[in-house]
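Enquirer: Pasting in a structure now, in structure tokens, and then I'll have a few things to ask.
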Amino acid sequence: MRLLLAVVLLFVATGSPALADSGPVGADVVVAQTLGERELTVVVRRVDAPGPVQVEVVGHGVGGGLRLRVLPAGGRATSETALDVPAVGVADTRLSVDRFGAWELELDDGVDAARVPFQVLQRVTPAWERAAYGGFVAAGAFLLVALPLAARRGWVVWVPVGGIVVSLTVAVTAALLSPTIPAPSTVSRVSNSDTGRPPANLVVTTDGAPVAGRPTAVELRFGDSGTGRPVDDLLVHHGALVHLEIISPGGVLAHVHPVRVAQGDYRVRFTPREAGRYALGAEIARAGGGSQLVRAELAVGGTTVDSPEPSAEGRVETGALVANRPVQLTADFGGADDLQPWLGMRGHLFIVGPGERVWAHLHALTPAAAGGQPDETVAAYPARVPFTFTFPEPGRYRLWFQAERDYRIRTISTVVDIAADGGAR
Amino acid sequence: MAITASRARGLPAAVVLLTGTVFSLIGLTWDVQWHSDVGPDTFFTLPHLFLYAGSAISGLAALTAVLATTAAHRAGAVPDPSLGGPPIRVFGRAFTAPLGYLVAGCGAASFLLYGLWDQWWHGLYGFDAVIDSPPHIGLLLSISATLVGTVVVFGAADEHRWGRIGALVSLAVLGAFDTVIVFAFKSLNGQVNAMHVAMAALMVLVLACATAFTRYGGVLMALGLAVIQAVTWWFSPWASRVYAEAVGLPMRDYAGQEPQLPALIPMSLVVVALLVHPLLTSRSRWAAPLAGAIAGGLLAGLQRPQSSWVFDGPLPPLQRVLLTALVGAVVGLVAAPAGRRFGRMLRLAGDRTPERN
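Quick note, the sequences are listed as chains A and B, same order. 1 is the number of the first residue of the first sequence in this note's numbering; add one for each residue after it. 1 is the number of the first residue of the second sequence in this note's numbering; add one for each residue after it.
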């Protein structure tokens with residue numbers, strides 16, 4: 001009892017929480033990539049080196065083969081494999097990595113090659129932890145040796161007995177001191193606080209003048225607004241490095257995720273159906289720089305191939321549409337409650353308002369679940385997806401609701417007119 | 001040999017051994033509660049230290065007892081089985097070690113060695129991983145081995161009152177501790193609640209063992225288990241809260257006052273033990289299996305109402321409860337005769353000439 005009390009007192013006296021962080025290093029990388037004209041979700045499972053890397057690719061409508069390679073930073077590919085991605089659903093394969101550090105996963109469909117960055121982090125075991133575990137393990141081993149020796153004549157038994165005493169002393173000392181030992185610095189090179197990183201500039205170019213009805217390769221170059229150097233510190237936020245919204249003159253939305261081909265260089269291929277001005281919005285998040293929406297536009301020549309028809313894969317219910325009042329906007333995708341989370345969310349809503357002054361991307365979150373967020377293989381979310389938004393000014397707004405079902409992205413688009421606030425507030 | 005001299009001779013080592021296992025039990029109920037109410041985990045939370053210290057203490061006690069036996073042997077004494085159980089030859093040598101201490105010591109050593117696997121596992125899957133992970137089950141089974149050794153050590157001294165009491169106490173500690181092993185059966189839950197069946201099997205086993213070991217052993221052991229349940233019921237949530245405050249960690253939003261591990265121990269055990277006592281002590285051939293079936297059925301069937309009551313949850317369909325009770329009865333049918341045999345073996349552990357029985 002006295003020992004118990006002493007131990008308790010020691011812990012209470014030292015006080016500080018034992019924060020030695022030696023859990024698993026790194027996490028799965030889940031990133032959306034629009035390769036060619038197909039939307040893929042690429043999952044790189046947490047990995048240790050040297051060892052296998054589990055890679056999963058989810059198809060969202062278009063199938064086909066891919067060549068996958070993993071390359072260390074500035075090195076040559078260590079392994080390569082072919083993967084047949086189904087039109088809808090998951091395909092998985094294994095590659096292997098041989099060292100810690102920055103890596104890239106290359107996905108090549110024969111025309112374009114996406115390079116998804118991921119990290120292979122080394123687990124740092126603090127010295128006290130080695131001493132504590134090692135001490136107890138050594139005590140166990142010595143005990144195992146000592147027990148049979150103890151049943152024999154001779155002094156030899158005192159060697160393992162001494163071993164037990166020493167290793168237990170080491171283990172208990174290390175264990176008791178551990179709360180006071182600061183955790184080793186984490187491997188992350190970037191601070192997770194806002195360090196005031198300058199915003200990124202975006203330059204959009206195309207291969208030749210875009211013409212309606214013809215596939216166009218769009219190149220997005222993100223440059224640091226301070227130094228002009230390529231921005232290569234984009235974080236995976238909301239399941240992608242870059243969310244690009246392309247809105248046609250007639251109000252058709254393409255929500256795509258340009259593939260990363262090099263530092264600060266992202267590409268996406270799309271086929272404009274209409275002639276006229278396309279509005280672009282790219283959402284990015286720089287490490288330590290917060291998230292940012294960068295806008296651009298694209299002029300498409302030629303003649304309109306087909307006029308846009310509003311995608312109506314469900315209905316929309318709204319409350320009173322008055323400016324400056326929060327309103328609930330509910331998209332009802334109909335059918336069974338089997339929506340899947342896309343980009344970690346059970347629903348997305350894009351709102352573009354009068355003169356494109358309002359440009360918003362909202363989410364309906366998946367409810368918190370024990371053991372982390374479910375991935376998109378979980379088809380269990382309600383067909384009705386609610387959002388709340390406050391329209392800041394009266395006028396005409398375009399709304400696009402998106403959700404995933406059967407691994408396909410469903411879109412409901414609508415137009416609402418917001419009345420002026422009647423001065424009630 | 002003078003009776004008075006031998007009376008208390010094995011007592012100190014046995015008590016230290018039992019203390020170690022009680023440390024393990026305290027560490028376990030506290031740790032399970034900590035994981036449920038607070039969560040964040042490092043290797044050296046205080047409950048973990050209790051678990052490790054428990055095995056270290058048991059291991060040292062066992063080793064000391066083996067050393068003492070060898071020293072006595074060298075001094076010319078005849079091995080006394082009442083000091084830790086029948087002598088077992090080690091590596092075919094002429095020198096022997098008492099069974100109880102050998103089992104307890106090996107359990108402690110194996111626990112300490114399993115720590116390495118556990119560290120690797122946590123490195124891969126993270127802290128706050130599930131309780132029924134393979135290395136955890138290995139660790140817990142190792143402690144169980146130490147507990148079995150402790151039961152043997154006290155059982156061998158059944159000619160003394162301290163031996164009989166100690167054996168029942170350590171059986172109760174074994175029963176309380178092994179409720180956690182029952183977690184491993186969770187993945188088998190279906191129409192039949194495998195966890196509840198496993199719990200019934202465990203309880204019938206220790207009940208029958210205690211009854212066969214000494215007079216009213218089953219009832220006394222059940223009372224002991226009830227005391228452990230009552231104490232840990234209060235202790236584990238309290239200790240988790242106090243420790244969380246001391247290290248500055250917040251309690252989880254949904255942390256209730258319900259103790260996790262003690263809530264698993266069947267509350268009906270004392271009543272069930274009294275109910276089947278006449279059958280378990282009967283000499284009739286079918287009495288023990290019948291007693292096991294009744295006890296197993298009751299214990300398995302009452303587990304779910306108990307947890308619904310403790311955690312304020314809904315009752316499952318009656319059909320599933322009855323099905324679980326039925327399977328519990330079948331398992332109890334087998335467990336009771338097995339437990340009775342264990343009890344008789346335990347009675348023989350301290351005899352100089354086991355052959356005569």
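Idealized CB from N, CA, C, for every residue including glycine.
Residues bridged to MET345(A) by DSSP?
Expert: The residue labelled residue 345(A) in the question sits at position 345 within the first sequence. For MET345(A), which the question treats as bridged, DSSP gives the partners TRP342(A) and LEU365(A).
Enquirer: Just reading off the alpha helix (DSSP H) that ILE57(B) is part of, what are its end residues?
Expert: By one-based count along the second sequence, residue 57(B) stands at place 57. It spans 46 to 74 - the alpha helix (DSSP H) in which ILE57(B) sits, taken as one unbroken run.
Enquirer: Output, in chain order, the set of chain A residues within a Cβ distance shorter than 7 Å of LEU102(B).
Expert: As a working note, residue 102(B) is residue 102 in the second sequence. Within chain A, the residues near LEU102(B) are LEU147.
Enquirer: Return the residue from the list GLY138(B), GLY105(B) and ALA108(B) that minimises the CA-CA distance to TRP121(B).
Expert: One-based indexing of the second sequence puts residue 121(B) at position 121. Answer by Cα proximity: GLY138(B).
Enquirer: Is the separation between the beta-carbon of ALA13(B) and that of SER58(B) shorter than 8 Å?
Expert: In the second sequence, the residue the question calls residue 13(B) occupies position 13. In the second sequence, the residue the question calls residue 58(B) occupies position 58. The answer is no: Cβ separation not under 8 Å.
Enquirer: From GLN260(B) to MET199(B), what does the alpha carbon distance come to, in whole angstroms?
Expert: For this step, residue 260(B) is matched to residue 260 along the second sequence. For this step, residue 199(B) is matched to residue 199 along the second sequence. Their backbone Cα atoms lie some 15 Å apart in a straight line.
Enquirer: Compute the minimum distance between the beta carbon of VAL148(B) and the heavy atoms of the ligand FMN, and state whether it is under 7 Å.
Expert: The ligand FMN is not part of the structure shown, which contains no ligands of any sort.
Enquirer: Going by CA-CA distance only, name the one from TYR133(A), PHE100(A) and PHE222(A) that's closest to ALA296(A).
Expert: Taking the first residue of the first sequence as position 1, residue 296(A) is located at position 296. Among TYR133(A), PHE100(A) and PHE222(A), the Cα nearest to that of ALA296(A) belongs to PHE222(A).
Enquirer: Output, in chain order, the set of chain A residues within a Cβ distance shorter than 7 Å of ALA108(B).
Expert: For the purposes of this step, residue 108(B) is taken as residue 108 along the second sequence, with counting starting at 1. Those are LEU143, listed as they occur along chain A.
Enquirer: Based on the DSSP output, what are the partners of GLU283(A) in its beta bridges?
Expert: As a first step, residue 283(A) is located in the first sequence; it is residue number 283 there, counting from the start. Paired residues: HIS243(A) and LEU293(A).
Enquirer: Keeping to the same chain, check which residues put their C-beta closer than 8 Å to that of LEU321(A); ignore five residues upstream and five downstream.
Expert: Here residue 321(A) corresponds to residue number 321 of the first sequence, with the count starting at 1. Excluding sequence neighbours, LEU321(A) sits near VAL327, PHE391, VAL416, ASP417, ILE418 and ALA419.
Enquirer: Counting along the chain, where does the alpha helix (DSSP H) carrying TRP400(A) start and finish?
Expert: In the first sequence, counting from the first residue as 1, residue 400(A) sits at position 400. Premise fails: TRP400(A) lies in the beta strand (DSSP E), 395 to 405, not in any alpha helix (DSSP H).
Enquirer: Per DSSP, LEU40(A) is paired with what?
Expert: Start at 1 with the first residue of the first sequence, and residue 40(A) comes out as number 40. LEU40(A) pairs with GLN33(A) and GLY59(A).
Enquirer: Would you check if the distance between the CB atom of PRO386(A) and the CB atom of ALA364(A) is smaller than 8 Å?
Expert: For the purposes of this step, residue 386(A) is taken as residue 386 along the first sequence, with counting starting at 1. For the purposes of this step, residue 364(A) is taken as residue 364 along the first sequence, with counting starting at 1. Contact: yes.
Enquirer: Does GLU129(A) come out as helix, strand or coil in the three-state DSSP assignment?
Expert: Within the first sequence, residue 129(A) is the residue found at index 129, counting from 1. Reduced to three states, the DSSP call for GLU129(A) is helix.
Enquirer: Does chain A have any CB closer than 8 Å to the CB of ARG74(B)?
Expert: Here the question's residue 74(B) lines up with position 74 in the second sequence. Yes, because at least one Cβ of chain A sits closer than 8 Å to the Cβ of ARG74(B).
Enquirer: Out of PRO272(A), ARG408(A) and VAL166(A), point me to the one whose CA is closest to VAL211(A)'s CA.
Expert: Along the first sequence, one-based indexing puts residue 211(A) at 211. Of PRO272(A), ARG408(A) and VAL166(A), the residue nearest in Cα terms is PRO272(A).
Enquirer: Do you know offhand how far VAL169(B)'s Cα is from VAL151(B)'s?
Expert: Along the second sequence, read from residue 1 onward, the residue named residue 169(B) stands at position 169. Along the second sequence, read from residue 1 onward, the residue named residue 151(B) stands at position 151. Those two C-alpha atoms are separated by around 8 Å.
Enquirer: For the stretch 112 to 141 of chain A, which residues have a beta carbon sitting closer than 7 Å to at least one beta carbon of chain B?
Expert: Listed in sequence order: ARG123, GLU129, ALA132, TYR133, PHE136, VAL137, ALA139, GLY140 and ALA141.
Enquirer: Would the stretch 79 to 90 of chain A and the stretch 57 to 71 of chain A be scored as touching if the rule is three or more Cβ pairs under 8 Å?
Expert: A contact exists between the stretch 79 to 90 of chain A and the stretch 57 to 71 of chain A.
Enquirer: Among the residues of its own chain, which have a CB less than 6 Å from the CB of GLY163(A), if the five just before and after it don't count?
Expert: For the purposes of this step, residue 163(A) is taken as residue 163 along the first sequence, with counting starting at 1. Within the same chain, GLY163(A) has close Cβ partners PHE142.
Enquirer: How is the alpha helix (DSSP H) around ALA169(A) delimited, first residue to last?
Expert: On the first sequence, residue 169(A) is found 169 positions in, with the first residue counted as 1. Just to set this straight, residue 169(A) is Thr in the shown sequence, not Ala. THR169(A) -> alpha helix (DSSP H) spans 158 to 177.
Enquirer: Taking C-alpha atoms, which residue in VAL261(A), GLY344(A) and TYR381(A) lies nearest to THR34(A)?
Expert: In the first sequence, the residue the question calls residue 34(A) occupies position 34. Considering only alpha carbons, the answer is VAL261(A).
Enquirer: Could you give the residue range of the alpha helix (DSSP H) that holds TYR243(B)?
Expert: What you label residue 243(B) is simply residue 243 of the second sequence in a count that begins at 1. Unbroken alpha helix (DSSP H) run through TYR243(B): 217 to 247.
Enquirer: Starting from VAL88(A), trace the beta strand (DSSP E) in both directions and tell me its first and last residue.
Expert: Taking the first sequence and counting its residues from 1, one reaches residue 88(A) at position 88. Segment 88 to 97, the beta strand (DSSP E) holding VAL88(A).
Enquirer: Using a Cβ cut-off of 8 Å (strictly closer), state whether GLN306(B) contacts chain A.
Expert: The residue labelled residue 306(B) in the question sits at position 306 within the second sequence. By this cut-off, GLN306(B) is not an interface position.
Enquirer: Please list, in chain order, all residues of the same chain as MET267(B) whose beta carbon is under 7 Å from its beta carbon, the five residues on each side excluded.
Expert: The residue you call residue 267(B) lines up with position 267 of the second sequence. Taken in chain order, the residues that qualify are GLN306.
Enquirer: For ILE351(A), write down the residues that DSSP places opposite it in a beta bridge.
Expert: Walking along the first sequence from the start, residue 351(A) turns up at place 351. BP columns for ILE351(A) point to ALA360(A) and LEU399(A).
Enquirer: Between the stretch 86 to 98 of chain A and the stretch 52 to 64 of chain A, do at least 3 Cβ pairs fall closer than 8 Å?
Expert: Touching, yes.
Enquirer: For the stretch 224 to 241 of chain A and the stretch 282 to 295 of chain A, state whether three or more C-beta atom pairs, one from each stretch, are separated by less than 8 Å.
Expert: The answer is yes - the stretch 282 to 295 of chain A touches the stretch 224 to 241 of chain A, with three or more Cβ pairs under 8 Å.
Enquirer: For TYR266(A), which of LEU220(A), ILE247(A) and PHE136(A) has the nearest alpha-carbon?
Expert: The count along the first sequence starts at 1 and reaches residue 266(A) at position 266. Minimum Cα distance to TYR266(A) is reached at LEU220(A).
Enquirer: Between the stretch 148 to 170 of chain A and chain B, which residues of the former have a C-beta closer than 8 Å to a C-beta of the latter?
Expert: If the cut-off is 8 Å between Cβ atoms, the stretch 148 to 170 of chain A has PRO148, ALA150, ALA151, ARG152, ARG153, VAL157, VAL161, ILE164 and LEU168 near chain B.
Enquirer: GLN303(B) lies in the beta strand (DSSP E); which residues open and close that run?
Expert: For this step, residue 303(B) is matched to residue 303 along the second sequence. Careful: GLN303(B) lies outside any beta strand (DSSP E), inside the alpha helix (DSSP H) at 287 to 310.
Enquirer: Please return the same chain residues whose Cβ sits closer than 8 Å to the Cβ of THR206(A), not counting the five positions on each side in sequence.
Expert: Taking the first residue of the first sequence as position 1, residue 206(A) is located at position 206. Once the five neighbours on either side are set aside, the close Cβ partners of THR206(A) are THR216, ALA217, VAL218, GLU219 and LEU298.
Enquirer: In the DSSP assignment, find the unbroken alpha helix (DSSP H) run with ILE143(B) in it and report its ends.
Expert: Position 143 of the second sequence holds residue 143(B). Where ILE143(B) is concerned, the enclosing alpha helix (DSSP H) stretches over 134 to 156.
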